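Comments concern the structure below.
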Amino acid sequence: MTSLPLTPVNPDAPARRAAMPPRHLADFDLAGRQALVAELGEPRFRARQVSTHYFGRLVRDPEQMTDLPSATREKLADQLLPTLLTPVRELACDDGATHKALWRLHDGSLVESVLMGYPDRVTVCLSSQAGCGMACPFCATGQAGLTRNLSTAEIVDQAVYLAGVAASGAVAGSPPRLSRVVFMGMGEPLANYNRVVAAIRRLVAPAPEGLGLSQRHITVSTVGLVPAIRRLASEDLSVTLALSLHAPDDELRDELVPVNQRWKVSEVLEAAWEYVARTGRRVSIEYAMIKDVNDQPWRADLLGRLLSDRLAHVNLIPLNPTPGSRWDASPKPVEREFVRRLRAAGVSTTVRDTRGREIDGACGQLAAAEGQ
Ligand code: SAH
100 MTSLPLTPVN
110 PDAPARRAAM
120 PPRHLADFDL
130 AGRQALVAEL
140 GEPRFRARQV
150 STHYFGRLVR
160 DPEQMTDLPS
170 ATREKLADQL
180 LPTLLTPVRE
190 LACDDGATHK
200 ALWRLHDGSL
210 VESVLMGYPD
220 RVTVCLSSQA
230 GCGMACPFCA
240 TGQAGLTRNL
250 STAEIVDQAV
260 YLAGVAASGA
270 VAGSPPRLSR
280 VVFMGMGEPL
290 ANYNRVVAAI
300 RRLVAPAPEG
310 LGLSQRHITV
320 STVGLVPAIR
330 RLASEDLSVT
340 LALSLHAPDD
350 ELRDELVPVN
360 QRWKVSEVLE
370 AAWEYVARTG
380 RRVSIEYAMI
390 KDVNDQPWRA
400 DLLGRLLSDR
410 LAHVNLIPLN
420 PTPGSRWDAS
430 PKPVEREFVR
440 RLRAAGVSTT
450 VRDTRGREID
460 GACGQLAAAE
470 GQ
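Mind the numbering: the sequence shown is residues 100 to 471 in the working numbering, read in order.
What follows is the structure, given as structure tokens:
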């Protein structure tokens with residue numbers, strides 16, 4: 100096994116006080132928007148009108164808001180829909196089924212989102228932070244450190260923008276409606292807890308308050324911040340929790356997911372089982388398959404013992420090697436044996452498809468390439 104020096108990590112470290120963006124409609128619920136509109140000297144019903152354009156019709160251009168008097172249009176768009184995300188690059192691959200967007204934020208930070216089309220659904224992968232403070236050594240975002248938390252609207256706007264791309268019919272071979280959201284882009288969503296939960300509320304609120312997605316179709320992926328998992332379990336939400344385990348033993352997980360130095364495998368799994376008990380939702384266990392690092396048969400067996408008889412599903416992710424990394428994906432026969440052992444232990448297991456590789460699709464690589 101490759102041995103790395105342990106990376107110290109402080110999960111409670113606040114994001115550097117970087118400039119947050121201007122306020123935006125998606126930062127507020129409908130009542131908050133009505134109050135804001137009233138402050139701007141407009142009738143409260145304008146909040147619903149602008150919300151219908153933004154969330155219902157996926158329109159943000161004031162010219163297209165023809166039900167508003169023209170002077171009001173400009174004022175409300177200016178105050179409620181400031182530009183948060185400026186596309187730097189938009190790329191498509193997998194014959195048009197995958198679209199990746201790299202955005203520049205108002206302070207120059209770069210984040211990315213990916214839209215993935217399937218025959219029956221369209222999924223968007225969102226970023227929750229600019230950079231990430233969790234320092235997982237195999238992850239491109241983890242190498243760069245944390246710049247700042249994204250605002251609620253910066254998170255939501257990624258989904259609304261890409262829902263518009265889907266609605267234009269640009270995702271080949273897929274329905275034109277965004278149906279799923281995964282928080283698997285840049286950042287640790289549970290380290291930006293309040294804004295991420297507010298963003299989820301916008302995503303699931305019916306139009307015109309929000310995008311009207313199903314809670315069950317939203318997945319929050321975490322390194323395993325135990326108190327935040329417990330807190331999420333106590334919200335009246337039933338989103339899917341994905342836990343980035345990557346190793347079944349503390350010795351290796353301390354290296355691969357440095358926050359494990361604070362909350363051990365047994366503690367993080369306990370929190371996951373509490374989440375299952377509170378929400379009735381099956382937990383997804385993420386496991387990047389890294390050649391000769393975490394892919395040994397004995398680790399599959401140990402993982403199988405930890406998960407058998409639990410409401411859990413294992414998602415094996417072929418490692419996407421980051422530039423300059425000495426790690427590689429596990430060979431297919433090794434991966435197959437890992438799957439076989441987990442299934443033999445009664446654990447439901449699948450291997451994630453690897454979308455967007457040719458456009459640095461996964462794991463912070465596009466932003467990393469742009470920043471070089
Ligand atoms: N911070 C959250 C969400 C972001 S990453 C988390 O860690 O869960 C989403 C998933 O991609 C995580 O399981 C993460 O460990 C995994 N990942 C990151 N870099 C990867 C890489 N180079 N190859 C494969 N999976 C990777």
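Built from N, CA and C at the ideal position, the CB exists for glycine as well.
Note that the structure is predicted; figures quoted are calculated from it, not measured.
- A distance below 7 angstroms between beta-carbons, with the five flanking residues on each side excluded, links Cys-231 to the following residues of its chain, in chain order: Thr-240, Gly-241, Leu-245, Met-285, Gly-286, Glu-287.
- The region 254-269 and the region 316-332 do not touch, with fewer than 3 CB-CB distances between them shorter than 8 angstroms.
- Less than 8 angstroms divides the Cβ of Ala-146 from the Cβ of Leu-129.
- Within the same chain, Cβ atoms closer than 6 angstroms to the Cβ of Ala-297 are found at Thr-251, the five residues on either side in sequence being excluded.
- Going by DSSP, Phe-282 is part of the beta strand (DSSP E) stretching over 279-282.
- Under DSSP, Arg-188 forms a beta bridge with Leu-201.
- Contact fails between the region 357-365 and the region 411-428, because fewer than three Cβ pairs, one in each stretch, are under 8 angstroms apart.
- Per DSSP, reduced to three states, the secondary structure at Arg-247 is strand.
- For the set Thr-378, Ser-273, Phe-237, the Cα lying nearest the Cα of Ile-389 is the one of Phe-237.
- Separation of Leu-289 and Ile-384 (C-alpha to C-alpha, rounded to the nearest whole angstrom) is 16 angstroms.
- If you check the C-beta of Ile-416 against the ligand SAH, you find a heavy atom less than 7 angstroms away.
- Straight across, the Cα-Cα distance linking Asp-219 with Arg-315 is about 16 angstroms.
- Per DSSP, reduced to three states, the secondary structure at Ser-169 is helical.
- When Val-438, Leu-124, Ala-137 are compared, the shortest CA-CA separation from Tyr-386 is found for Val-438.
- Sequence-distant Cβ neighbours of Leu-157 in its own chain, meaning closer than 7 angstroms and more than five residues away, are Val-259, Ala-262, Gly-263, Ala-266.
- Annotation: Trp-202 to Leu-183 spans about 9 angstroms, alpha carbon to alpha carbon.
- Put simply, of Asp-126, Leu-167, Thr-453, Thr-378 the residue whose alpha carbon is nearest the alpha carbon of Ala-411 is Thr-378.
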